[in-house]
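Heads up: the sequence lines are chains L and C, in that order.
At position 641 of the first sequence the residue is numbered 641 (our numbering), and the sequence of numbers has no breaks.
At position 120 of the second sequence the residue is numbered 120 (our numbering), and the sequence of numbers has no breaks.
Backbone N, C-alpha and C define an ideal beta-carbon position, used for all residues, glycine too.
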Amino acid sequence: MNRYFPYLLSVLLIGCVSLSAQKNKKDGIDFTRDIQPILNTLDSEQRSKVLDWAEEGAPIPVIGEHGSVSQKSDFFQSKVAPLLAQQCLECHDSTSREGALDLSRKEAAFLGGDSGEAIIPGDAEMSNLWESVYFDDMPEDRPPLSQEEKDILKDWINDGADWTVDWIDPAVYEKEPTGENWIRRLTVNEYVETVYRATGVDIEKKAREFLPPDKRADGFSNTAYNLNVDLGHVQAYASLAGTIVERMDVLEFANRFYKNLKFTDADMGNLLESMGKWLLRGPLEKSEIVGFRGISTTVASAGGTKEEAVALMLEAMLQSPRFIYRVEKQSGDGSVLPVREFELASRLSYTIWGGPPDEELLKVADKGELKYPFVLQEQVDRMLKDDRAITHSSQFIYEWLNLGRLDNLRPNKDKFPRWDPALAKDMRAETLTFFEEIVWKQNRPLGDLMNAQLTFATPELAEHYGLITADATIVENGMSKYELQDNAHRGGLLTQGSVLTVGGDEASMVTRGLFVLHDLLRGTVKPPPPGLDTTPVPASPGQSNRMVSMMRINDNSCGGCHERFEPLAFAFEKFDGVGAFHNEDEHGNELREDGELIVPGAREPVSYQTVSQLADLLAESDRVSKTLTWKVAQWALGRPLTLEDAPILDSIHETAKKEGGSYSSVISSLVMSELVQTTRTEPSETTLN
Amino acid sequence: MLKGLGTVAVGLPFMEEMLVSSATAASKSVQVPVRAFNVFFGLGIPAPLQAEGFDGVLEPLKDLGDKLLIMRNVDQVRADGTGINAHFDGASASFTAEAPAGEAKSGGPSIDQVVRNYHYPNGLPSGIVPTLAGGTYFRRSRVSRYVHTYNMDGTVAATMQERPRDLFERVFGSVDLPEGMTARDLHLKRSVLDSVVNQYKFYTGQRSPLGAQSKARVADHLDRVREFEQRAYSHRDLNNEGPAMPPASRIKHGGEADPGGEGLDMILDDLVTEWRLMADLYALAIQTDKARFGALTFLAAGERLRMKGDYEYNGRKIFTFDDAAQHNKTGSGGCSHEWWHKFNEKKENEALRAHAHMKMREVAYFLKRLDEPDCVEGNGKSILENTMITVSTESGDGRHSDVKRELSGVFHAISGANGRFKTGQVMDVSAEGIDVYNSMLQGMGIDHKLGPADRDRVFVDKIRA
Chain L
1 MNRYFPYLLS VLLIGCVSLS AQKNKKDGID FTRDIQPILN TLDSEQRSKV
51 LDWAEEGAPI PVIGEHGSVS QKSDFFQSKV APLLAQQCLE CHDSTSREGA
101 LDLSRKEAAF LGGDSGEAII PGDAEMSNLW ESVYFDDMPE DRPPLSQEEK
151 DILKDWINDG ADWTVDWIDP AVYEKEPTGE NWIRRLTVNE YVETVYRATG
201 VDIEKKAREF LPPDKRADGF SNTAYNLNVD LGHVQAYASL AGTIVERMDV
251 LEFANRFYKN LKFTDADMGN LLESMGKWLL RGPLEKSEIV GFRGISTTVA
301 SAGGTKEEAV ALMLEAMLQS PRFIYRVEKQ SGDGSVLPVR EFELASRLSY
351 TIWGGPPDEE LLKVADKGEL KYPFVLQEQV DRMLKDDRAI THSSQFIYEW
401 LNLGRLDNLR PNKDKFPRWD PALAKDMRAE TLTFFEEIVW KQNRPLGDLM
451 NAQLTFATPE LAEHYGLITA DATIVENGMS KYELQDNAHR GGLLTQGSVL
501 TVGGDEASMV TRGLFVLHDL LRGTVKPPPP GLDTTPVPAS PGQSNRMVSM
551 MRINDNSCGG CHERFEPLAF AFEKFDGVGA FHNEDEHGNE LREDGELIVP
601 GAREPVSYQT VSQLADLLAE SDRVSKTLTW KVAQWALGRP LTLEDAPILD
651 SIHETAKKEG GSYSSVISSL VMSELVQTTR TEPSETTLN
Chain C
1 MLKGLGTVAV GLPFMEEMLV SSATAASKSV QVPVRAFNVF FGLGIPAPLQ
51 AEGFDGVLEP LKDLGDKLLI MRNVDQVRAD GTGINAHFDG ASASFTAEAP
101 AGEAKSGGPS IDQVVRNYHY PNGLPSGIVP TLAGGTYFRR SRVSRYVHTY
151 NMDGTVAATM QERPRDLFER VFGSVDLPEG MTARDLHLKR SVLDSVVNQY
201 KFYTGQRSPL GAQSKARVAD HLDRVREFEQ RAYSHRDLNN EGPAMPPASR
251 IKHGGEADPG GEGLDMILDD LVTEWRLMAD LYALAIQTDK ARFGALTFLA
301 AGERLRMKGD YEYNGRKIFT FDDAAQHNKT GSGGCSHEWW HKFNEKKENE
351 ALRAHAHMKM REVAYFLKRL DEPDCVEGNG KSILENTMIT VSTESGDGRH
401 SDVKRELSGV FHAISGANGR FKTGQVMDVS AEGIDVYNSM LQGMGIDHKL
451 GPADRDRVFV DKIRA
């Protein structure tokens, strides 16, 4: 029997069911109606194989590139490419090409540069690349390669210099895979939402007062490795659990799960089974039920009431690791396995809603149907239509742009005497409202955040920006919507105060350029080598910020790197440190907005004349939209992304693009991917006991 | 007992019985507990100034000279990572000898945690804060600027307490249970906690479905639950006898203290008042055996303050701080940080010297708090003498012009750890920080190697007593 037979059958089955689902779109997929008839067309052996395959979690066999990765290819991708990315491409990529050598692409690399052939397969001794690192001539002005790194290059060249990727993208190699798999504690936001959805109690005010705030790490405050716990958390969880239960009608709540509750062990056990599955987002083990039931026994022996018993059991559940954390099975044999049904339900709901699964999702998980891609997709589509998805997505833009930073904006009073701290809050509200409009109300591609011709502002912010009130339509919360088609300077995220203020009081070209490079283009640039005076030179009469920037770019020591990112900020020179627009700076220097966009990996820069042209270029750039996919994925997964994730992210991005490139399509593609649906288990012997 | 600074003295009365030194003094058979603390100060002392010994900026440590081993030429170059300067790398290397492994992660554990892990593999005795991290600092763009205690997996070992009141609550706070709670109520609440403890135990046990990192995280949580349990239910009768809540902080903290790295105006007296209260409370935590491991930070790595005020030492005026005016700049350019950038060993470096001298005065303030008569323990030595205390900083040169120079000659001083290490010397160790730390661990009887697996340990025997 062909080993792919079940796979082929599954493809057939999924295809048939998808067609059937299309026909019955209005009603969704019904197993009996849609799937059973297809199963009935198969013989018993075929049916049994498909059902077995489904029982195993419906794994799609991975064939092709992953299955045929050679040792040589693996060596290049895991050893050589990261080394070239980290040590060589700063000066020898498609943009810099110092010495006419481009080591980021196969064809160019083998072509060599001014000094001749860089790589001669099979002969390291004759290859300029090896010679230059062997004698420590390269990297120039950087520490030499270690002996281990030199050996990698030598072995690779002598072994035939097998080059297996089209382009070495340095961003892919920025974070090395750690193999770590951290349990995810609920963030403060997730805790608040989980309590509300699970119990109906709004605990936000007290939770924010009591729970220590989550700290940012690697750009987001939900990075799992940094979600640690101190006594303050434990005290808060205990105190909050008490408050939550006080605010509940516990018997009415219990009645949702078990009618006519009596104060007996049997009844309490039955209640716990049902109530626990809801509160703890999956079925309870018998030992867990026994543990919680011990509380009701203690209450009974103390002459308490069943109401008291339920209340205390609820308190215990609200402090349980299964409530505070997203517990998943991580131990195993080291292989990648599908996550279990209820775990997948939680992954879906926390990714899309930032909160727990609802009744319907739990019901589907309980039936074991989430393993079917069409059922999963149906749930994802349903969840993305829920308002919770909108609310949760605002956390993404808040985190990505670090909008909390605006609380601490303190511009120099002498330089900005008219600054009102309330403007910082308005700027944040502008960005959040704008995001919701583009992403949800208009369901546009994420790239459109760069150039959408509208914004939202309070009257004060509108005045600060110089917007024309006549263009405004009142929205809500003191905000008005401004159409910006006729505004040559504003339009898109990058012309909003929340982003422009990253440059500090001096509207630093360096900081703004690095923001565009890192956060929109996923570009990398090394820090300046030691020994350079990096004290910022302020603008002065006769010398604008742009001119100072050009001095850095034209400097032999600085230009190689600064030309990669400062031109990205040229468009914003007319916006000062607090985002106000001027044609001249405080010294009377005329300001400009033309520049060049250099996309990582591109051979040539693209010129732009105005800020709106740059916005359009960014909006159309696949690199920008892919960066947004990466950012959304990092935030959703709660960990930095690594080389291992890159091919899956490529696939997620392509799928999302076909579906319109919207936030919803990115999320949908992400949760349908193995990044969400599988987990790499740890061999049991390596786990700590 | 608590001196503080006049108006900020921690309130009394306080139960003498809570002092570990009194308790151990009463019984000679009581063993001195194993303790390890890291004391960090920001910006560092340029190596040439360290060479001047107690005649220069190290003068405030002179009184403690016989109880410290001051080490020169400790090299942390291996910790150099990405970044134009070594503030971040050097700060991460302090006490770990490792470069950062992420914005909020070190490449390895700090030495205090290695000692803790070895000597207390099953956790610390009840009533002791597992790890106490605190400090007076303002710059916070990256965690390793101010956190100086890291778990074995490199994650931060404890939440930083940055206000004296926060630290007070962490150490001496009791758990508020509703007023009028009866013994029966307490009994029932206790059953809830028992159930919670059992669940956390399950997830750290052999049948746990979790992997290594997750188990360690949940185990950490379990430690905190047990601590909570102990505070809530074990010593409620002592609550009214503890020190009074310290006054609220008068200076800015949190995000508003670090507006975009632009720096903060600071009056010297305000800074010193806050720090000394923090130092007093931290010392009291050690003295009362509420803390045996952790880290205390006096100013973050790369701290940016525009300091003002007259600086005096022993009645002698040293300098008048007015950084912004002296630099003739506002914002970050007007901060004391810039004196480190401008260091020139051929010049007087008067402002830098004054700032460094002031930092040594304040570090000495904390260390002296552990060396007072009421800190003498059962073996006749003070807590300072009995404890492994490591003082270090981020760089041996602040000019950012040469990584090797910047991360060489990083100031280190250690206490004797109950006779394990030499004291009373200023020693030119000329060794890597990783070798110094491994030698300290060896001195503490610990067979754990910091650093790469394939790197042989090189012991710096001359620091051992």
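Cα separation between residue i and residue j?
i, j, result
"Y282/C", "W275/C", "10 Å"
"A118/L", "L129/L", "5 Å"
"D159/L", "Q86/L", "22 Å"
"R208/L", "V188/L", "7 Å"
"M547/L", "G513/L", "15 Å"
"G542/L", "G263/C", "28 Å"
"P411/L", "A97/C", "38 Å"
"S392/C", "K526/L", "28 Å"
"F220/L", "D112/C", "29 Å"
"V192/C", "V229/L", "20 Å"
"L493/L", "E193/L", "28 Å"
"T524/L", "K626/L", "15 Å"
"F396/L", "W635/L", "7 Å"
"G135/C", "Q161/C", "7 Å"
"I446/C", "N438/C", "9 Å"
"L101/L", "L43/C", "41 Å"
"A302/L", "L211/L", "32 Å"
Could you check if residue i is buried or exposed, using at least 16 other CB atoms within 10 Å of its CB as the buried criterion?
i, result
"V713/L", "In the structure displayed, chain L extends from 1 to 689; residue 713/L sits before or after that span and is not available."
"I157/L", "buried"
"D237/C", "In this predicted model, D237/C has a pLDDT of only 45, less than 50, meaning its place in the structure is not dependable enough to derive any value."
"M444/C", "buried"
"R139/C", "buried"
"T126/L", "Looking at the sequence itself, residue 126/L is Met, so the reference to Thr does not match. M126/L is exposed by the Cβ-count criterion."
"N451/L", "buried"
"T264/L", "exposed"
"E308/L", "buried"
"V458/C", "exposed"
"G497/L", "buried"
"Y4/L", "Because the pLDDT at Y4/L is just 39, under 50, the model does not fix this residue reliably, and the value given afterwards should be weighed accordingly. It is exposed - the Cβ of Y4/L has fewer than 16 other Cβ atoms within 10 Å."
"R207/C", "exposed"
"K26/L", "Reliability of the predicted coordinates at K26/L is poor, the pLDDT of 42 falling under 50, and the value obtained from them is presented with this limitation in mind. Exposed, since its Cβ has fewer than 16 Cβ neighbours within 10 Å."
"H66/L", "In this predicted model, H66/L has a pLDDT of only 34, less than 50, meaning its place in the structure is not dependable; the value taken from the coordinates is given anyway. Label assigned to H66/L: exposed."
"K67/C", "buried"
"V143/C", "buried"
Residues of chain C with a CB under 7 Å from the CB of residue i: which are they?
i, result
"G232/L", "T159"
"K329/L", "P209"
Is the Cβ-Cβ distance between residue i and residue j less than 7 Å?
i, j, result
"F435/L", "F456/L", "no"
"I295/L", "A316/L", "yes"
"A295/C", "T149/C", "yes"
"D218/L", "P640/L", "yes"
"R116/C", "D428/C", "no"
Counting only Cβ pairs nearer than 9 Å, list the residues of chain L close to residue i.
i, result
"N344/C", "Neighbours of N344/C on chain L: none; closest Cβ ~14 Å, over 9 Å."
Could you tell me which chain C residues have their CB closer than 8 Å to the CB of residue i, listed as they occur along the chain?
i, result
"A633/L", "Chain C residues near A633/L: none, gap ~17 Å exceeds 8 Å."
"D505/L", "E262 and G331"
Interface residues of chain C around residue i at Cβ under 9 Å?
i, result
"E644/L", "Those do not exist, as E644/L stays about 16 Å from chain C at its closest Cβ, beyond 9 Å."
"V299/L", "L188 and S191"
What residues from the region 86–113 of chain C come within 7 Å of chain L, judged by C-beta to C-beta, listed N to C? G102, E103, A104 and K105
Going along the region 410–426 of chain L in order, which residues come within less than 7 Å of chain C, judged by CB to CB distance? R410 and N412
Taking beta-carbon pairs under 8 Å, can you tell me which members of the region 206–220 of chain C lie near chain L? Q206, S208, P209, L210, G211, A212, Q213, S214, K215, A216, R217, V218, A219 and D220
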